[in-house]
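Trainee: First residue of the sequence shown? That's 503 in my numbering, and the numbers climb one at a time after it.
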Amino acid sequence: MATIQIEGVAKSYGAHQVHKALTLSVRHGECFTLLGPSGCGKTVLLRLIAGFETPDAGSIRIGEDCVSDPAAGINISPDSRGLGVVFQDYAVWPHMTVFDNVAYPLKLAKMPKPALRDRVMETIGLVGMTGLEKRMPSELSGGQQQRVALARALSAKPSIMLLDEPLTNLDANLREEMRFEIKELQRKLDITVLYVTHDQEVALAISDRVAIMDDAGQLRQTGSPWEIFERPVDGFVFNFMGIANFMPVRRVGETYLVGKGEQPVPWEKPQGDAPEWVAGFRPSDVRISRTGAGLRGVVKRASFLGAVVDYLVEVDGAWLRTSIETFEAISGAMMFTQGESCVISFNHLLWFDARTLAEVVKA
Ligand SMILES: Nc1ncnc2c1ncn2[C@@H]1O[C@H](COP(=O)(O)OP(=O)(O)OP(=O)(O)O)[C@@H](O)[C@H]1O
Ligand SMILES: [Mg+2]
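(1) Could you tell me the alpha carbon to alpha carbon distance between arginine 549 and valine 810, rounded to whole angstroms?
(2) Whole-angstrom Cβ separation of valine 650 and valine 594, contact assumed at under 8 angstroms?
(3) In the DSSP assignment, the beta strand (DSSP E) including alanine 713 goes from what residue to what residue?
(4) When every heavy atom of ligand 1 is checked, does at least one fall within less than 7 angstroms of the C-beta of glutamate 816?
(5) By DSSP's criteria, aspartate 673 is part of a beta bridge. Which residues make up the other side?
(6) In terms of alpha-carbon separation, which member of Ile714, Leu797, Pro750 lies closest to valine 735?
(7) Mapping the DSSP letters down to three states, classify tryptophan 853 as helix, strand or coil.
(8) Taking 8 angstroms as the limit between beta carbons, can you name the residues of its chain near valine 845, skipping five residues before and five after?
(9) How about methionine 680 and leucine 669: are their beta carbons less than 8 angstroms apart?
(10) To the nearest angstrom, report how far apart threonine 625 and alanine 781 are at their CA atoms.
(11) Quick one: is the Cβ of threonine 545 within less than 7 angstroms of any heavy atom of ligand 2?
(12) Out of curiosity, what's the CA-to-CA distance linking glycine 584 and valine 629?
(13) How about leucine 536 and leucine 524: are their beta carbons less than 8 angstroms apart?
(14) I want to know whether the segment 755 to 768 touches the segment 811 to 825 - three or more CB-CB distances under 8 angstroms.
(15) Under three-state DSSP, which class holds alanine 705?
(16) Helix, strand or coil for arginine 654 per DSSP?
(17) Just to confirm, are serine 779 and proline 785 a CB contact at a threshold of 8 angstroms?
(18) Using the three-state DSSP reduction, which class does methionine 743 fall into: helix, strand or coil?
(19) Judging by CA-CA distance, which residue of Leu852, Ser825, Ala860, Val815 is the nearest neighbour of serine 843?
(20) For aspartate 666, is the beta carbon positioned less than 7 angstroms from some heavy atom of ligand 2?
(21) Please give me, in chain order, every unbroken run of the alpha helix (DSSP H) with length at least 4 that falls completely inside the segment 523 to 581.
(22) Give me the Cα-Cα distance between glutamine 648 and aspartate 701, rounded to the nearest whole angstrom.
(23) Can you list, in chain order, the residues of its chain with a C-beta nearer than 6 angstroms to that of valine 511? Leave out the 5 residues immediately preceding and following it.
(24) Tell me, please, which residues DSSP counts as bridged to lysine 513.
(25) What does DSSP give as the partner residues of leucine 696 in its beta bridges?
(26) For proline 622, does the count of other Cβ atoms within 10 angstroms reach 16, so buried, or fall short, so exposed?
(27) Since I believe glycine 543 is in contact with alanine 504 (beta carbons under 8 angstroms), could you give me their beta-carbon distance rounded to a whole number of angstroms?
(28) Given the structure, does glutamine 702 come close to ligand 2, in the sense that its CB is under 7 angstroms from one of the ligand's heavy atoms?
(29) Could you say which of Gln590, Ser805, Gly744 lies nearest to methionine 836 if we only look at CA atoms?
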């Protein structure tokens with residue numbers, strides 16, 4: 503089985519402990535994305551799995567085999583772990599042609615020449631690069647170079663791929679296209695993928711499961727993209743997964759008032775007796791209108807973004823962002839300009855205790 507199991511892995515550099523006791527498992531055949539802010543330890547973890555670093559404690563298993571376990575004196579070399587790896591900082595070797603880049607792992611494995619040629623050409627075809635095998639990397643676009651890096655990682659037919667931010671250097675359109683291609687390759691080849699990134703859109707688009715890591719290298723939540731987005735366990739996960747509004751609400755006796763004003767919250771109140779609360783919601787969960795029930799506010803900024811119009815709204819000293827589809831805004835007379843009054847209501851929101859933002863409180 504092409505699985506990865508990480509048990510209690512710790513890794514420090516000098517006094518800096520990157521991972522304390524990390525436990526994580528990637529299932530056979532899934533695309534698992536590890537998402538976390540810059541510096542949280544994603545690359546370190548991939549290097550530990552690939553065998554370029556050794557853990558201080560804990561164990562790493564790939565399929566049935568234990569590949570790292572310092573307590574048991576086990577440390578299998580990277581070449582013997584059977585993984586395909588694309589790292590963020592080195593993509594392709596600039597002094598080798600496309601063919602030679604892709605052939606490299608096979609030469610290391612001493613594959614006979616005719617079989618090697620067939621395999622290289624097959625893999626180059628797989629990533630849509632047929633006809634370009636004699637080119638040097640400097641004669642390729644960024645996206646093509648990325649395809650070569652993928653092909654090199656795939657040529658030895660690994661059953662597990664580790665991908666470290668392979669799309670960061672690409673422009674937005676290409677990045678979008680490539681992430682679907684990676685997903686397609688994963689399905690077609692039926693391989694297990696562990697993908698690390700700080701781009702939540704990539705994670706949502708390609709993953710079967712996502713794990714969110716915080717700055718201290720701790721896993722906050724693991725689940726399907728939908729669960730992580732719609733059912734975040736705490737304010738960190740919520741904030742990390744896209745634009746988040748945090749609206750302050752204060753409790754005065756049994757009444758909950760928004761911002762610094764006197765408008766009571768027109769939705770279900772949280773359970774608990776904290777004095778200060780935060781209501782969390784995404785711009786897409788806010789409805790803006792001219793009349794009707796809701797909170798009265800003022801449009802402070804209106805930005806036309808093409809498909810949507812983005813509004814920054816103030817409600818009694820609390821700020822929030824909302825977006826409305828341009829078509830809907832025009833047809834419903836919801837094109838607001840700066841300074842206009844508006845009414846805000848919500849499809850869905852989450853309650854947090856303002857002192858910690860630690861976990862979602864039930865309404
Ligand atoms: N060889 C090393 N020696 C010392 N410190 C290191 C080393 N490698 C990584 N670190 C530190 O470990 C921490 C985690 O680094 P890592 O590269 O894993 O972050 P990351 O999550 O991949 O970030 P990014 O999203 O920016 O790529 C950082 O603080 C980094 O400075
Ligand atoms: Mg990194």
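By construction, the Cβ of each residue, glycine as well, lies at the ideal position given by its N, Cα and C atoms.
Mentor: Based on what the coordinates show:
(1) 41 angstroms
(2) 5 angstroms
(3) 711 to 715
(4) no
(5) Aspartate 673 is not bridged to any residue.
(6) Ile714
(7) strand
(8) Ile790, Ser791, Arg792, Thr793, Gly794, Ala795, Gly796, Leu797, Arg798, Gly799
(9) yes
(10) 50 angstroms
(11) yes
(12) 20 angstroms
(13) no
(14) yes
(15) helix
(16) helix
(17) The sequence shown places tryptophan at residue 779, not serine. The answer is no: Cβ separation not under 8 angstroms.
(18) coil
(19) Val815
(20) yes
(21) 544 to 552
(22) 17 angstroms
(23) His521, Leu524, Pro557, Gly560
(24) His521
(25) Phe534, Leu664
(26) Checking the displayed sequence, the identity of residue 622 turns out to be valine instead of proline. Classification for valine 622: buried.
(27) Not really, about 23 angstroms apart at Cβ, beyond 8 angstroms.
(28) no
(29) Ser805
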